[in-house]
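Engineer:
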Amino acid sequence: MLLLAAVSANATQAYRIETVAQDLPQPWSLDFLPNGDFIIAMRVGELRIISADGSQQSQISGVPETLASGQGGFFDVLLDQNFPGNQKLYLSYAAGTKKSNATAVVSATLGAGILTDVVKIFEVEP
Numbered sequence: 138m139l140l141l142a143a144v145s146a147n148a149t150q151a152y153r154i155e156t157v158a159q160d161l162p163q164p165w166s167l168d169f170l171p172n173g174d175f176i177i178a179m180r181v182g183e184l185r186i187i188s189a190d191g192s193q194q195s196q197i198s199g200v201p202e203t204l205a206s207g208q209g210g211f212f213d214v215l216l217d218q219n220f221p222g223n224q225k226l227y228l229s230y231a232a233g234t235k236k237s238n239a240t241a242v243v244s245a246t247l248g249a250g251i252l253t254d255v256v257k258i259f260e261v262e263p
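Below you can see the structure in the form of C-alpha cells.
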C-alpha cells in the first residue's frame, strides 16, 4: 500500500523587504547575533556588526589579512552553534598573495569589537 500526502503548492507567505544598511563595501555573508544584530563579512576584508534597526555600525578589528582580489576576500562568517556561551565564530577567506594563494578557515572569539584567539583550522592551496 502506498500513501501519498497531499501538499499544497499554492500556500502564500507574506514577505516584507526592508533596507537595514546601505553603502556597504561588498557585503558577502551575514549571520544573526543572538540579540538580533547582524555580523557581516565584506569581501574586501572587513567584519562589521550592524544593529538590527541599522542605526549603528561597528567595524571588528583583529581579522585575518585577506587577499581581496578577483573573487578572493572574505567568503563566509558563521556563528558557532554555542555562540551565546563561547562567543566563537568561523570565517572563511582567501589568504596569501596573487602568486601563492589559498582558501582558509579560522575560528575566533568575538569580544567587544575585536576578534581574539584567531586559529587557522583549515587551509587548502591549489
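Take the sequence shown: its position 49, counting from 1, is numbered 186 in the numbering used here, and each next residue is one higher. For each residue, glycine too, the CB sits at the ideal point set by N, CA and C.
1. Quick one: is E183 buried, meaning 16 or more other Cβ sit within 10 Å of its Cβ, or exposed?
2. With P201 as the anchor, note down where its alpha helix (DSSP H) starts and where it stops.
3. Just checking my contact of F259 with A241 at CB under 8 angstroms: how many whole Å lie between their CB atoms?
4. Starting from N223 and walking both ways along the alpha helix (DSSP H), at which residues does that stretch end?
5. Taking the alpha carbon of G207 as the reference point, which residue from P171, Y230, F169 and D190 has its own alpha carbon closest?
6. Throw me the rounded Cβ distance for the D168 and S188 pair, which I believe falls under 8 angstroms.
7. For the segment 152–187, which segments carrying the beta strand (DSSP E) assignment without a break, of at least 3 residues, lie completely within its bounds, in sequence order?
8. Hey, F211 and A178: beta-carbon distance below 8 angstroms or not?
9. The beta strand (DSSP E) with K257 in it runs from where to where?
10. If you check the beta carbons only, do V181 and L252 fall under 8 angstroms apart?
11. Have a look at V157, T149 and I176 and flag the residue whose alpha-carbon is nearest the alpha-carbon of L226.
12. For Q218 and K236, I'd like the C-alpha separation in whole angstroms.
13. Is F169 near the ligand GTP - that is, is its Cβ less than 7 angstroms away from at least one heavy atom of it?
Structural biologist: From the atom records:
1. buried
2. Counting along the chain, P201 falls outside any alpha helix (DSSP H), and DSSP gives it neither H nor E.
3. 7 angstroms
4. F220 to N223
5. Y230
6. Incorrect: roughly 15 angstroms between the Cβ atoms, too far for contact.
7. 164–169, 175–179 and 183–187
8. yes
9. L252 to V261
10. no
11. I176
12. Approximately 36 angstroms between the Cα atoms of the pair.
13. Of the ligands one can find in the structure shown there are none, so the ligand GTP has no counterpart to examine.
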